[in-house]
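Please read the structure below before turning to the comments.
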Amino acid sequence: MRSVFRVGVTGGIGSGKSLVCRVFESLGVPVYLADDRAKWLTEHDPILKADIVRVLGPMAYDALGHYNRSWVASQVFSNPDLLQKLNAVIHPRVRADTADWVAQQTHAPYVIKEAALMKAASPETGIDQVIVVESPLAIRTQRILKRDTHRTLDDIQRIIANQVSDEQRRQFADHILVNDDSQLLLPQIWSLHQQFLAQAQPANN
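Counting in full-length UniProt numbering, the sequence shown runs from 1 upward without gaps.
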């Protein structure tokens, strides 16, 4: 069985990483949305649900067994240690789920995994190269205000402050896509697509 070339896409909230992934998907590249999949697993994976209750207590789920997302957020965003413990039970399950998904993509020259949290490409992370999507803070803030009408400016600033900084992401980026509403994004993505097809080609032989 050949090894599928795996590309990670990450970036801060409002940077446009979801848009980038939709473009890659339109080019025929399978995309795994790690954050969406994590949400699904917190609702449906019984082992993960038990681990989350162990970390956060019974309030993590309501009487019907649904993940109490707003309550969990209120607990972990003001408590970095608790957030780390929660991530420590969710992330391994998502990694395993990702590996299962990648193993099914035998037809694809390469695949993409989108996630808000990502580390450098390595055998341990299961990623061959990482794309970081960047956008100026002011533009990101305006995008989020327009998209998430329920969020206040204070909410957005607090979320951004809790995320990894652009400087930290650059340290493990293999490629940077600039989504600043002035540089054309599509040519940047097309160029990377051609690079990935060429790099993945040996795995197909």
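Ideal Cβ placement from N, Cα and C applies to all residues, glycine included.
Item: E25 - containing alpha helix (DSSP H), residue span; Value: K17 to S26
Item: Distance CB(T125)-CB(A34) smaller than 8 Å; Value: no
Item: Those runs of the alpha helix (DSSP H) which lie wholly inside the stretch 61-109 and span at least 4 residues; Value: 69-76 and 80-104
Item: Rounded Cβ spacing between I52 and A60 (contact assumed at less than 8 Å); Value: 5 Å
Item: Where V31 sits in the DSSP three-state scheme; Value: strand
Item: Three-way DSSP call (helix, strand, coil) for H175 in this model; Value: strand
Item: Own chain partners of R158 with C-beta closer than 8 Å, once the 5 adjacent residues on each side are dropped; Value: F77
Item: Inter-stretch contact (C-beta, 8 Å, three-pair minimum) for the stretch 138-147 and the stretch 58-72; Value: no
Item: Beta-carbon proximity check, R170 vs V133, cutoff 8 Å; Value: no
Item: CA-to-CA distance, L82 to Q75, given in whole angstroms; Value: 8 Å
Item: Nearest-angstrom Cα separation, counted from D128 out to D174; Value: 9 Å
Item: I159: first and last residue of the uninterrupted alpha helix (DSSP H) it sits in; Value: L153 to N162
Item: Residue from S3, L41 and A73 whose Cα sits closest to the Cα of D155; Value: A73
Item: Distance, D36 Cα to V94 Cα; Value: 10 Å
Item: D128 - DSSP class collapsed to helix/strand/coil; Value: coil
Item: Own chain residues within Cβ distance below 7 Å of F172, not counting five before or after; Value: K119, A120 and V130
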